[in-house]
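Data first, discussion second: the structure below is written as structure tokens.
Following this line, the structure appears as structure tokens:
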């Protein structure tokens, strides 16, 4: 299985370079026999790219093409594998990224909106409100106002946090 | 390579009551009692053993447990079906007397085992522990 690892390496570089170069890379990967990768591996690669680059413009057709599936076949397989549609997965990843940016930076809401891949502030605010329960700006104000421990930061291993999440 | 065990879990039914038991009766140190929203992070430890913290966790439904599993876990704890571990002492008989006087429930007096002396006590939730002298 030396082919897949070569493909993976090229994908990693492509992730850094963005979607614009992604397709060219995939064509090269396909020439190297990437179509032999298992179904899950093909799905996983698309998902990994969504996770690392959720802000890049991408639609179902492009995702399906990147995984060498027809649109509806890809949709069905993705939902089976991950329990959510690709669109929902991408929306969630974008909103999670927006939340992190609201919490950890002082970038404006408009800036964050475009950075995570939304094309309109109205639709970003609407989606964020559905996701977090409050509009972005108010979410940030509440986050800033949350009481913080004065002492050293607690180390709570994530397996324990998961139990209460 | 692993260095050491830093956290172990004991499932308890109630944090307040568990803190009282583990600190007042058993004599452990309260290392952390912090709240983050619904999450309460409580750890205790043996004085002189700073590298190990015992996380006292209330089984609650969430990402790890569904409602049914959390309820089943609480039932098992309450039934006394779950063991929490073993504490070592240099003098099992004296520690047994001391803890008993503070209200710790034992399942009997220390008995001779092949490795030394041992007895079993339970916490306020129902978890059982060995008290051993090796």
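Protein chains in written order, with this note's numbering: chain A, 137 to 301; chain B, 23 to 156.
C-beta: ideal position from N, C-alpha, C; glycine also.
Asked, Found
"Distance CB(residue 145 of chain B)-CB(residue 43 of chain B) smaller than 8 angstroms", "yes"
"Residue 233 of chain A beta carbon less than 8 angstroms from that of residue 245 of chain A", "no"
"Element boundaries [beta strand (DSSP E), containing residue 76 of chain B]", "75 to 79"
"Given 8 angstroms, three or more beta-carbon pairs between the stretch 26 to 36 of chain B and the stretch 73 to 81 of chain B", "yes"
"Any alpha helix (DSSP H) of 4 or more consecutive residues that is wholly inside the stretch 52 to 130 of chain B", "89 to 101, 114 to 123"
"C-beta neighbour in chain B for residue 268 of chain A, strict 8 angstroms", "no"
"N- and C-terminal bounds of the alpha helix (DSSP H) containing residue 209 of chain A", "207 to 218"
"Reduced DSSP category for residue 25 of chain B - H, G, I as helix; E, B as strand; rest coil", "coil"
"Beta-bridge partners of residue 153 of chain B, as assigned by DSSP", "B/109, B/141"
"Contact with chain B by residue 223 of chain A, beta-carbon distance below 8 angstroms", "no"
"Per-residue contacts from residue 290 of chain A into chain B (C-beta, under 9 angstroms)", "54, 56, 58, 63"
"Cβ of residue 172 of chain A within 8 angstroms of any chain B Cβ", "Unreliable positioning characterises residue 172 of chain A in this predicted model, as indicated by a pLDDT of 49, which lies under 50. The coordinate reading is nonetheless provided below. So no, residue 172 of chain A is outside the interface."
"Cutoff 8 angstroms: residue 298 of chain A Cβ touching any chain B Cβ", "yes"
"Which residues DSSP lists as bridging residue 32 of chain B, in chain order", "B/78"
"Residue 292 of chain A versus residue 40 of chain B: straight-line alpha-carbon distance, rounded", "19 angstroms"
"Whole-angstrom distance between residue 205 of chain A and residue 58 of chain B, CA atom to CA atom", "44 angstroms"
"Reduced DSSP secondary structure (H/G/I, E/B, other) of residue 239 of chain A", "helix"
"Within-8 angstroms CB hit, residue 32 of chain B to chain A", "no"
"Top-ranked residue by Cα proximity to residue 68 of chain B, from B/141, B/52, B/140", "B/52"
"Cα-Cα separation, residue 337 of chain A to residue 223 of chain A", "With chain A running from 137 to 301 in the structure shown, residue 337 of chain A is simply not present."
"Residue range of the alpha helix (DSSP H) that includes residue 187 of chain A", "175 to 188"
"Among B/73, B/70, B/85, the one whose alpha carbon lies nearest that of residue 298 of chain A", "B/85"
"Option nearest residue 131 of chain B by Cα separation, candidates B/74, B/154, B/149", "B/154"
"Closer than 8 angstroms to chain B by CB, residue 293 of chain A", "yes"
"Nonlocal neighbours in the same chain, by C-beta distance under 8 angstroms from residue 26 of chain B, ignoring five residues either side", "73, 74"
"Contact belief for residue 133 of chain B with residue 140 of chain B at Cβ below 8 angstroms, rounded distance in angstroms", "6 angstroms"
"Rounded C-alpha distance that separates residue 110 of chain B from residue 100 of chain B", "24 angstroms"
"Chain-ordered neighbours of residue 29 of chain B on chain A, where CB pairs are closer than 8 angstroms", "293, 296"
"Cβ-based neighbour list, residue 186 of chain A, same chain, cut-off 8 angstroms, excluding 5 preceding and 5 following", "194, 199, 222, 225, 226, 229"
"Inter-residue Cα distance where the pair is residue 183 of chain A and residue 264 of chain A", "21 angstroms"
"Beta-carbon proximity list for residue 106 of chain B, same chain, < 6 angstroms, skipping 5 on both sides", "32, 149, 151"
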